[in-house]
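Contents: one structure, followed by commentary.
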Amino acid sequence: MANFLQWMGFAFGLGVIVLGLSAFFRGFSLPPNSPEHRANGKDETWRL
985 MANFLQWMGF AFGLGVIVLG LSAFFRGFSL PPNSPEHRAN GKDETWRL
């Protein structure tokens, strides 16, 4: 029984990682925000 629960926990954790990675990479395919929906003063410049 402990072995089964260990594999169930492993499968659940692996599923969470796979869903998170797929959502992360699907975010790259989203269109960029239009200028009217961007915050003021956040044009195309990057600040460190």
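Numbering-wise, our numbering comes out as the position in the sequence shown, counting from 1, plus 984.
Idealized CB from N, CA, C, for every residue including glycine.
Quick one: grab the DSSP three-state call for S1013. coil
What number of angstroms, rounded off, separates the C-alpha of P1016 from the C-alpha of I1001? 25 angstroms
Is M985 helix, strand or coil when you go by DSSP? coil
Distance, Q990 Cα to F1012 Cα: 34 angstroms
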